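With the working numbering, the residue at position 126 of the sequence shown is 126, and numbering never jumps.
Accompanying notes for the structure given below.
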Amino acid sequence: MPVQPRLHDEAVKGVALSLLVAGGALAVLVGPSLADALAQAEVTDRALVEASAGRSVAIGALSGDGSVTEIPLELYVARVLAGEGEPDAAPAARQALAVAIRTYAMVQLGRHRREGFDLCDTVHCQVLRAANADSRRAALATAGRVLAIDDRPAEVFYSASCGGRSEAAATVWPGATFPYLQAIHEDDVHEDDEPWALELTIDQMSEALAAAGFGGRLRALAITAHTTSGRVDRLRLDGMRPAAIAGTAFRSALGTTRLRSTAFGMTRAGDRVRFTGRGYGHGVGMCVIGAGRRARRGEDVEAILAQYYPALELADLGTLILPGDGAFGEREVSEGGIVARVPAGSSVSAGDLRAMAARAHETLSRTLGTSISPVIVELHPTLDDFRLDTGRPPWASAAATGTTIDLVPASALEARRGVSAALRTAMAEMLVAPSLADRPAWVRVGAARYFAAAVPPEPGSLPVACPADAELTLAVSAEAQRDAEARAVQCFARAYATTGDWRKVE
Ligand SMILES: [Zn+2]
Ligand SMILES: [Zn+2]
Numbered sequence: 001m002p003v004q005p006r007l008h009d010e011a012v013k014g015v016a017l018s019l020l021v022a023g024g025a026l027a028v029l030v031g032p033s034l035a036d037a038l039a040q041a042e043v044t045d046r047a048l049v050e051a052s053a054g055r056s057v058a059i060g061a062l063s064g065d066g067s068v069t070e071i072p073l074e075l076y077v078a079r080v081l082a083g084e085g086e087p088d089a090a091p092a093a094r095q096a097l098a099v100a101i102r103t104y105a106m107v108q109l110g111r112h113r114r115e116g117f118d119l120c121d122t123v124h125c126q127v128l129r130a131a132n133a134d135s136r137r138a139a140l141a142t143a144g145r146v147l148a149i150d151d152r153p154a155e156v157f158y159s160a161s162c163g164g165r166s167e168a169a170a171t172v173w174p175g176a177t178f179p180y181l182q183a184i185h186e187d188d189v190h191e192d193d194e195p196w197a198l199e200l201t202i203d204q205m206s207e208a209l210a211a212a213g214f215g216g217r218l219r220a221l222a223i224t225a226h227t228t229s230g231r232v233d234r235l236r237l238d239g240m241r242p243a244a245i246a247g248t249a250f251r252s253a254l255g256t257t258r259l260r261s262t263a264f265g266m267t268r269a270g271d272r273v274r275f276t277g278r279g280y281g282h283g284v285g286m287c288v289i290g291a292g293r294r295a296r297r298g299e300d301v302e303a304i305l306a307q308y309y310p311a312l313e314l315a316d317l318g319t320l321i322l323p324g325d326g327a328f329g330e331r332e333v334s335e336g337g338i339v340a341r342v343p344a345g346s347s348v349s350a351g352d353l354r355a356m357a358a359r360a361h362e363t364l365s366r367t368l369g370t371s372i373s374p375v376i377v378e379l380h381p382t383l384d385d386f387r388l389d390t391g392r393p394p395w396a397s398a399a400a401t402g403t404t405i406d407l408v409p410a411s412a413l414e415a416r417r418g419v420s421a422a423l424r425t426a427m428a429e430m431l432v433a434p435s436l437a438d439r440p441a442w443v444r445v446g447a448a449r450y451f452a453a454a455v456p457p458e459p460g461s462l463p464v465a466c467p468a469d470a471e472l473t474l475a476v477s478a479e480a481q482r483d484a485e486a487r488a489v490q491c492f493a494r495a496y497a498t499t500g501d502w503r504k505v506e
C-alpha cells in the first residue's frame, strides 16, 4: 500500500508520557481575566458551539455505522484533542495541538465529499473521543486560530516524537511541495531520550515485506542512503523484488508501532537484526513530546508553534480564504453518465474533460466488453491536492479507484504524456479492475496500459520477469515505476496472446 500522508501519525497514541501539568499558566491567546475564569470553570458544549461562530464539520462515522454528524468546529477540536493529546500535558502544549488539529480540519475539509461528509473519524483523518475538561479548555482558548500561509490555512503535520531533529515533509511524502516544511530543525529537548531497540529475524522481515507485495525471499539488507536529517532514506533488500525500498515504506511494512521511526541504525548477528533508534513517528512538523517539554519549561503556545512551524503565522479563520470560498471554486459538468470536475482557472475546461472521458469510455468499453456508470473524473488543482486525495507518488499522473478517476493538474499532464493519454489509461484501469480484482497487480496494470495504448504492444520475444506487486505500488523512483510498468505490459501481452481473453490472464 502507498504510504498515506496524514496529519497525525498513529504513533501519537499510546506513548508513555511523563509530563506534569504546569500550574495555572493558561492561554496567552485570551485576556488574563478570561484565562482565570476558564481555568476554574468547566467549559460547556454551549460555549464551544458559540465559539465555533457557525462553522461546523460533517463527520462520517467510518469506525461505526457510517452515519454523518454535523459537529460545531470547536467541539470537534476538543473531541480530537482528547484522543490525540498527552493526558498530562501543560496547557500551552495542548493549545498548540488544538491549533494544529483545527488547521488540519480546515485544510482537509471536504476530503470525503464524494461520500457525503467532510472528514472521517478514523486515523485516515482524525480520531474523535469524548471531550474532557482539559481538551475543552484548550479548544476554547484557541478558538478560531489556525496556522496560515498566503492567507490560507496551511497543510500541517505532527508526530509523537522527532527524537531531536525534525524531518522534511518531502522525505516522508515524496513530491510534497510545502516549502515551509522542508527545513530541518534541531529540537533541543530530547537530550535525555532513551533510544528504542527492536530485534527481528530475517525471516520475520521477509514475511512482512512479502505481505506488502514484495517478491522473493530476503537474504540480507543494508541501509544505502540517509535523509539530510539523518533518518534512513533507502534500504537494499537482497533476494527480494524490488531490491530497494524507501525508509518510510520499510517502516510501514514492518509495522509503524514496531519500528517506531526511520531514525535507526542496524546490526546483524546471525539471522537476527537489531534496530536501535530515536523518536516515534514521521518527525515532520510539530513534535508532541517536544511541545510538552517546551510547555513545561515555560514556553507559551506561540513560542511552541514558532519552533515547529517557523514559516507559518497564527491567524484567525475569519481573516483567511477557506475551502468553499470563490478562490477554491471548481467547475463541474455532468452528462451521459460522466461527471467531470476541474479547478477554477484550469487550462482544460470541465466540458472538454467530460468529452475526452466519454470518448475514452466509449472506445474502451467496446474493446473490453464492460462498462461503468456513472464515472467521476476530477482534475486536481495542485500536485499536493492529488497526493492528499489519492496517496499516490508524485510521478503518478492518475489514479482510478472504484468509479472515480483522479488526475494531477492539467499543466502537469501536458508536460507528461498529455491529458487524454493519462485519462485513457486510468479509464482502462477502472474498467478492467472489477474483473481482475483477485489477480497480481501486474495483470491489472498491464491490461490497462495494453488496451489504452494507441497501438497494442507486441509481446516481446524474450520472457520478462513479471513485476511483484510492490514493484508497482512501492517503487522508489519514477524510473523504477516505469520499468515495472513496461514489464507488466510485456507480461500481459504474452499471456493475452495465449488466452485470447483478458479476463483469463493470471
Ligand atoms: Zn478520512
Ligand atoms: Zn522533538
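Virtual Cβ for every residue (Gly too), placed ideally from N, Cα, C.
Quick caveat, the model's predicted, so the values are computed rather than measured.
For a test of the three-state rule: what should DSSP assign to residue i, helix, strand or coil?
| i | result |
| --- | --- |
| H185 | coil |
| G31 | Note on G31: pLDDT 48, under 50, position unreliable in the model; the coordinate value appears next. Looking at G31 - three-state DSSP - the assignment turns out to be coil, as it is neither helix nor strand. |
| A58 | strand |
| E361 | It is worth fixing the name first, because residue 361 is His in this sequence and not Glu. Of the three classes helix, strand and coil, the one that applies to H361 here is helix, per DSSP. |
| G337 | coil |
| T201 | strand |
| R165 | strand |
| W173 | coil |
| G298 | coil |
| T404 | strand |
| F264 | strand |
| W395 | coil |
| S159 | strand |
| H8 | Confidence is the limiting factor: at H8 the pLDDT is only 38, short of 50, which leaves the residue's position unreliable and the question unanswerable from this model. |
| A454 | coil |
| A16 | Bear in mind that the predicted position of A16 carries a pLDDT of just 27, short of 50, making it unreliable; the figure below should be weighed with that in mind. Looking at A16 - three-state DSSP - the assignment turns out to be coil, as it is neither helix nor strand. |
| D88 | coil |
| V464 | coil |
For the beta strand (DSSP E) that residue i lies in, which residues bound it at each end?
| i | result |
| --- | --- |
| L237 | V232 to R241 |
| E70 | V68 to P72 |
| L218 | G215 to H226 |
| L383 | Note, L383: premise wrong, no beta strand (DSSP E); alpha helix (DSSP H) at L383 to T390. |
| T256 | Neither: T256 is in no beta strand (DSSP E) and is coded neither H nor E. |
| V123 | Element bounds for V123: n/a, residue is neither H nor E. |
| E313 | E313 to D316 |
| A246 | A244 to A246 |
State the CB to CB distance for the pair residue i and residue j, rounded to an integer number of angstroms; the pair is presumed to be in contact (CB under 8 angstroms).
| i | j | result |
| --- | --- | --- |
| L48 | R136 | 6 angstroms |
| A357 | I338 | 5 angstroms |
| S261 | G277 | 6 angstroms |
| P510 | R494 | In the structure as shown, the chain begins at 1 and stops at 506. Residue 510 is therefore absent and cannot be evaluated. |
| A291 | A447 | That belief does not hold up - the Cβ atoms of A291 and A447 are roughly 49 angstroms apart, past 8 angstroms. |
| G144 | L317 | 5 angstroms |
| S166 | H190 | That belief does not hold up - the Cβ atoms of S166 and H190 are roughly 11 angstroms apart, past 8 angstroms. |
| V419 | V348 | 6 angstroms |
| L368 | W502 | 7 angstroms |
| E155 | V107 | 5 angstroms |
| A536 | L119 | There is no way to answer for residue 536, as the model of the chain reaches only from 1 to 506. |
| A198 | F275 | Before going on, a small fix: residue 198 reads as Leu here, not Ala. Rounded, the Cβ-Cβ distance is 4 angstroms, consistent with contact. |
| A220 | R234 | Contact flag wrong, Cβ pair sits at about 15 angstroms. |
What span of residues does the alpha helix (DSSP H) with residue i cover, start to end?
| i | result |
| --- | --- |
| R274 | R274 -> not in any alpha helix (DSSP H); beta strand (DSSP E) instead, spanning R272 to G277. |
| F492 | A478 to T499 |
| P91 | P91 to Q108 |
| V505 | Looking at the DSSP string, V505 is not in any alpha helix (DSSP H), and its letter there is neither H nor E. |
| D134 | A133 to A141 |
| I304 | V301 to Y308 |
| D45 | D45 to A51 |
| A410 | A410 to A415 |
| A426 | V419 to V432 |
Do you know whose CA, among the options, lies nearest residue i's CA?
| i | options | result |
| --- | --- | --- |
| L159 | T142, I149 and Q126 | Contrary to the premise, residue 159 reads as Ser rather than Leu in this sequence. Minimum Cα distance to S159 is reached at Q126. |
| L353 | L368, R366, R331 and T370 | R331 |
| E362 | G351, A452, V408 and R294 | A452 |
| D192 | A470, R293, A448 and A484 | R293 |
| A488 | P195, D406, A315 and A470 | A470 |
| A139 | D187, L75, R111 and D121 | L75 |
| E70 | G83, G279 and S56 | S56 |
| M427 | L474, P374, A475 and V455 | P374 |
| A113 | G283, G60, E299 and I245 | Residue identity check: residue 113 is Arg in the sequence provided, not Ala. For the residues G283, G60, E299 and I245, the minimum Cα distance to R113 belongs to G60. |
| E485 | T403, P91 and A396 | A396 |
| V146 | W196, P409, Q95 and S346 | Q95 |
| T122 | G83, S411 and A98 | G83 |
| T171 | G163, G164 and L181 | L181 |
| L237 | T227, F250, T401 and S52 | F250 |
| C287 | A480, G85 and F492 | G85 |
Around ligand 1, Cβ to any heavy atom closer than 5 angstroms, ordered along the chain: With the cut-off at 5 angstroms, the residues found are C120, H124 and C125.
Who's in the neighbourhood of ligand 2, going by beta-carbon under 5 angstroms from any heavy atom, listed in chain order? Result (chain order): C162, D187, C287 and G290.
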